[in-house]
Structure formats: structure tokens, C-alpha cells
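Each remark here refers to the structure printed beneath this line.
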Amino acid sequence: MANPRLPHSIFICLFSALAVPVQADQVWLKNGDRLSGTIEQLQDGKLRLATKYAGTLSIRWPEVQRIESTQPLLITLAPGEQPPPAGASLVEFKAPQQQRVLRQEQITDIQQPAHFSPKFSWKGNLDLSLDLERDQDSSDKLRLKTSNEFLKGYWRDKLNADWELQKTNGERDRHNYGLTNSLDYFWSKSWFWRGDASFSRDFQNDLYQELKYGSGPGYRFYDDKSGRFELGTTLGRQGYRYYSQPDLRFSILTLNWDYRRFLLQDGLLELYTNGEYSYPYFQEVDYAITAEAGMRIRLTQHLRSTFSTELDALQSTQESHSDWKHFFGLGYNW
């Protein structure tokens, strides 16, 4: 009885069948040899295996008999996949409670899926901006901002925070902080589902607290050495709290973006913009915009300088403002 046609692209989670977990991918050859390392890619008839003892090996694909991997692999099949005939050259892939045997000549590509992170990783940065002016009015501005990105498996968590203090002639006229957290789950190379929440506190203005949360889909166009471009949308709730006016709470639809572009050698210069446009389902509020654009220049492996412009705009019956902020500072990234 013929097997059903296999899809052109499939995901197979490959793990060791031994009782003790294997920390490296295993490749068995038809001559009985076994090689250990990290599978990088199958291309042009060669399987690339990165090893600690011999660098990257290029193994002729027809010599491979069996593969076991500690992480998922994206396997691309040629069109028109049919059941293997008698005597065909086969390769075995093994997974927990599952075993799949495929025709060797029908497999055109193997690589690690871009949306899967086998190990926990943490990338982040901390920026400091300090502006001291001594003209007719003495003005001191201090700002700290951090952005963090955590990856594990198909999950990505973004945690951002900022704190700002400004004094003019010794009197505090700006003091606020904000927190934002976004949790993404990637179900394919490009599509993900996001749940996010943000909180901000202002110690100087009548609008002293903002809270927003929501959930919705997102799409990643690319994320590689050249940069990143993502769009997303969320549907949720937002609330404003005032000292002297009634609080506002309403449903809101938000469009957010994240664009980065690395230029010059090894990404020496980075251009970026990110933000969100919010459309409330509420007559009292027309729109809200939070956006940032700027550039970063890498000075050393971890040190960089940042030039940025930020916009915080709100149009409502109780309050309307468009606050532009310009920053220059130094940052540390890891």
C-alpha cells in the first residue's frame, strides 16, 4: 500500500534514543563510522558537520545512513515524493516515539530552523544619556534605558525599561519611568503570536499613570546579519489615570514595528526605528503614538554611541500633547 505524499518542507525533532542525553548531533555513515558535532546544513550534495576536533567537515550525502540530532532540523524534500522503491538509498531520522526513513536523493536541504533557539540566550544593552546646560537657565538631564531579549526554543521575551530625570535651576520638572514586556511564540519561520504589557509612571504631570496590555499576531520579514524587520498588531485594553480628571479605560488596536539595518563592515553602523500606533475604540481618545528612531555607532566590541529621537503623542479630549525628545549617549551591549 502506497504511503501518502510527504510535504515539501517538514520539521522533525531529532533527539538521541540513549538513556543519557547526547549533547551533540550524531551522524552514522554506511561504512560504520559515527561522527559527532553540530549539523549546519545540507547543500550541493554535502552535509556540513561542525566539530570541535576537526573544524567543519563536508560529508558526501550518499555516504550518510542515519542522523540523530539534539534539536529540530528543517528538512526540505524535492517535489513529487513517492514511497521508496526496493533497493533505494535511504537515510533514517529518529525522534522520540517516532522513526522516519526517507529517500536520500529526495532530500534537497537540511538546516537548523531560524525560529528555533536550542540554547537559552540573552542579548541586551544599557544606554546612559547625560545633558548638562549652563546658559541663562541651568538644566540637568539624566536618562537610563535598557533593552533585553531572551531566546529559548520557539519563545522570545523582550523586556525594556527606561528612567528619566530633569532639573531646571534646581527644580525637578521631569521625572518618569516605564516598563514594557513582550512575549512571542514562533509557530513558523515568520509568523509569531505576541502578548505584551506596558506600564509607565509620571511624577510631574496630571496624567500620572498609563497601563496597556494586549495580544495578537506578528510577522517577521527577516532577521539576519543585515538587520531585522517585523510588523505586529495587538488587540487589548489601555487605561490613563489623572490627578484632577476622571480616569479613562478603553479597548485599543495597536500596530507596532521593529526595523534595524546594519551598515559598514561587521555592522559598525546601525540605523533603527521602532514604535507603535494605537487606535482606540473610544470617542474621548483619537490616537496615541510612541516611536523612536536613531543610529548606533559601535566603538568597541561592547561599547557604542547612540543618537536617537523619540516621540510620545496623545490626542484626546482631556489632554493632547506631542513630546519630542532627543538623546545622545553611550551604551554597553552584551
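Start counting at 1 in the sequence shown, then tack on 12, and there's your number in my numbering. Glycine included, every Cβ here is placed at the ideal spot set by N, Cα and C.
Beta-bridge pairing of residue i - partner residues as DSSP gives them
i, result
"Trp175", "Leu156, Tyr189"
"Lys224", "Ser210, Gln250"
"Lys170", "Glu161, Ser194"
"Lys135", "Glu161"
"Leu69", "Leu61"
"Lys337", "Glu322"
"Asp37", "Gly49"
"Gln55", "Lys58"
"Thr180", "Ser151, Glu183"
"Asn345", "Asn137"
"Trp203", "Tyr231"
"Glu80", "Gln38"
"Gln327", "Tyr299, Ser332"
"Asp143", "Lys153"
Cα-Cα separation, residue i to residue j
i, j, result
"Leu171", "Leu156", "14 Å"
"Leu311", "Ser317", "7 Å"
"Glu222", "Ser48", "53 Å"
"Asn188", "Glu322", "15 Å"
"Leu61", "Arg78", "14 Å"
"Phe347", "Arg249", "Outside the shown range of the chain, which is 13 to 346, sits residue 347, and nothing can be said about it."
"Tyr289", "Asp235", "22 Å"
"Phe294", "His127", "37 Å"
"Tyr299", "Trp175", "24 Å"
"Tyr254", "Arg261", "12 Å"
"Ala66", "Trp134", "29 Å"
"Asn354", "Trp40", "The structure shown has nothing for residue 354, since the chain only spans 13 to 346."
"Phe27", "Pro130", "Any reading at Phe27 must be qualified, since the residue scores a pLDDT of 37, below 50, and its modelled position is unreliable; the value itself is stated next. Whole-angstrom Cα-Cα distance: 12 Å."
"Thr68", "Glu52", "9 Å"
"Leu265", "Lys224", "11 Å"
"Tyr198", "Trp167", "At residue 198 the sequence reads Phe, which differs from the Tyr that was named. Spanning the two alpha carbons is a distance of roughly 6 Å."
"Ser251", "Pro292", "Reading the sequence as shown, one finds Gly at residue 251 and not Ser. If you take the alpha carbons of Gly251 and Pro292, they lie about 11 Å apart."
"Thr354", "Gly279", "Nothing can be reported for residue 354, as the shown portion of the chain is limited to 13 through 346."
"Trp336", "Gln313", "31 Å"
"Ser81", "Glu75", "17 Å"
"Asp208", "Lys42", "50 Å"
"Tyr220", "Glu331", "12 Å"
"Ser159", "Gln55", "37 Å"
"Gly44", "Ile119", "22 Å"
"Val103", "Leu86", "15 Å"
"Asp143", "Gly182", "14 Å"
"Leu315", "Asp169", "24 Å"
"Ser263", "Lys64", "54 Å"
"Gln83", "Ile309", "35 Å"
Own chain, CB closer than 6 Å to residue i, minus 5 neighbours either side, in chain order
i, result
"Ala325", "Ile301, Ser334"
"Gly57", "Trp73"
"Thr50", "Asp37, Ala62"
"Asp139", "Lys157, Thr318, Gly341, Gly343"
"Asp218", "Tyr254, Tyr255, Ser256"
"Thr329", "Glu296"
"Ala303", "Gly287, Leu323"
"Phe233", "Phe241"
"Phe211", "Leu191, Leu223"
"Asp121", "Leu54, Thr88"
"Leu243", "Tyr231, Trp269"
"Ala173", "Thr158, Leu191"
"Ser141", "Arg155, Phe339, Gly341"
Neighbourhood of residue i by C-beta, 8 Å cutoff - its chain only, sequence neighbours within 5 removed
i, result
"Phe132", "Phe162, Leu163, Lys164"
"Gln178", "Ser151, Asp152, Lys153, Leu154, Arg184, Asp185, Arg186, His187"
"Arg46", "Gln38, Val39, Trp40"
"Lys237", "Phe274, Gly279"
"Gln12", "Limits of the chain in this structure are 13 at one end and 346 at the other, which puts residue 12 out of reach."
"Asp259", "Gly251, Tyr252, Arg253"
Cβ shell of residue i (< 7 Å), same chain only, five flanking positions each side left out
i, result
"Arg272", "Gly239, Arg240, Glu282, Tyr284"
"Phe319", "Gly306, Met307, Phe340"
"Ser70", "Lys58, Arg60"
"His338", "Thr321"
"Arg203", "The identity of residue 203 in the sequence shown is Trp, whereas the question assumes Arg. Cβ neighbours of Trp203 beyond the five flanking positions: Pro229, Tyr231."
Nearest-angstrom Cβ-Cβ length linking residue i and residue j, presumed shorter than 8 Å
i, j, result
"Leu247", "Gly226", "6 Å"
"Arg206", "Gly230", "5 Å"
"Tyr136", "Trp346", "A quick correction: the sequence has Gly, not Tyr, at residue 136. Contact holds; Cβ gap of about 6 Å."
"Thr245", "Leu267", "5 Å"
Any non-hydrogen atom of the ligand MN closer than 7 Å to residue i Cβ
i, result
"Thr50", "Here there are no bound small molecules, and the ligand MN is not part of this structure."
Ignoring anything shorter than 4 residues or poking outside the stretch 232 to 312, list the alpha helix (DSSP H) runs there in chain order. Residue ranges of uninterrupted alpha helix (DSSP H) with 4 or more members are absent from the stretch 232 to 312; none lies entirely inside it.
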